[in-house]
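The block underneath contains the structure these notes are about, expressed in structure tokens.
Residue numbers (full-length UniProt numbering): 1 to 195.
Quick look at the structure:
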């Protein structure tokens, strides 16, 4: 009789009950879902950082092009450096860079074999309502407006005249990410440094 009682008691305590099994499954499922959420957020953050770094490089490139254009006008104008500085400012204002919507530049017409004016071929165009999207050419690895696939980046260049011998250049890159719209703005003051 005691052996029967012990067998019944042991049978009741052996194995998992249905409730214990459900609790174990729910804890396991919750931990797996939390892991997936962390991984997904990490991948999303990684993609955002990659896009922001590219946007920063494109904004800096806009500043570099404007600085190089200033240097070309000031150094290589046959009349004088002041005439070159005035020509640089006139090119910016005549293309609408000083307006609220800014302008964009296209470097497709650069002529690097022309030693006297290598940057004079940059085309500056007013943006109008909005600037066009930069295209990425996978074969050359360059961003531009002539060929390639849409990069999702929009570059706008702007100018504010500070004084007769100083202008402030802005280069703004905007893009859309699944978490929202973002922008990077770089600026630099350019001077008529040869007087």
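Backbone N, C-alpha and C define an ideal beta-carbon position, used for all residues, glycine too.
Since the model is a prediction, treat every value here as computed from it, not as a measurement.
Would you please verify whether the beta carbon of residue 68 is less than 9 Å from any beta carbon of chain B?
You won't find chain B in this structure, because it holds only one protein chain.
Bridge partners for residue 155 per DSSP, in chain order?
Beta-bridge pairing links residue 155 to 173.
When DSSP builds the beta bridges, which residues end up paired with residue 98?
In DSSP, residue 98 forms no bridge with anything.
Please report the straight-line C-alpha distance between residue 70 and residue 160, rounded to a whole angstrom.
If I take the Cα positions, the gap works out to 14 Å.
Helix, strand or coil: how does DSSP classify residue 106 here?
Strand.
At a cut of 8 Å, does the stretch 39-57 reach the stretch 168-181 through at least three beta carbon pairs?
Yes: at least three Cβ pairs fall under 8 Å.
Three or more C-beta pairs under 8 Å: does that hold for the stretch 16-31 against the stretch 127-136?
In short, these stretches do not touch, since the Cβ pair count stays below three.
Take residue 170 as the anchor and find which of 151, 182 and 190 has the nearest alpha-carbon.
Comparing Cα-Cα distances from residue 170 to each of 151, 182 and 190, the minimum goes to 190.
Look up residue 212 in the DSSP assignment and say whether it is helix, strand or coil.
This structure cannot speak to residue 212, because the chain is shown only from 1 to 195.
Determine the DSSP secondary structure at residue 123, reduced to helix, strand or coil.
The answer is strand: DSSP assigns residue 123 an E or B state.
Name the two residues that bound the continuous alpha helix (DSSP H) containing residue 130.
That residue, residue 130, is in no alpha helix (DSSP H); it is neither H nor E in DSSP.
Between residue 182 and residue 31, what straight-line distance do the alpha-carbon atoms span, to the nearest angstrom?
About 33 Å.
Use the C-beta contact count for residue 194: other C-beta atoms within 10 angstroms, 16 or more gives buried, fewer gives exposed.
Exposed, since its Cβ has fewer than 16 Cβ neighbours within 10 Å.
Would you mind sorting residue 27 into buried or exposed? The rule is 16 or more other CB atoms within 10 Å of its CB.
Exposed, because fewer than 16 other Cβ atoms sit within 10 Å of the Cβ of residue 27.
Is residue 63 near residue 188, with beta carbons less than 9 Å apart?
Contact: yes.
By Cβ distance, which residues of its chain are closer than 7 Å to residue 103, with the 5 residues on each side in sequence left out?
95, 96, 97, 124, 125, 126, 127 and 157.
Less than 9 Å between the C-beta atoms of residue 121 and residue 135, yes or no?
Result no, Cβ atoms of residue 121 and residue 135 do not sit closer than 9 Å.
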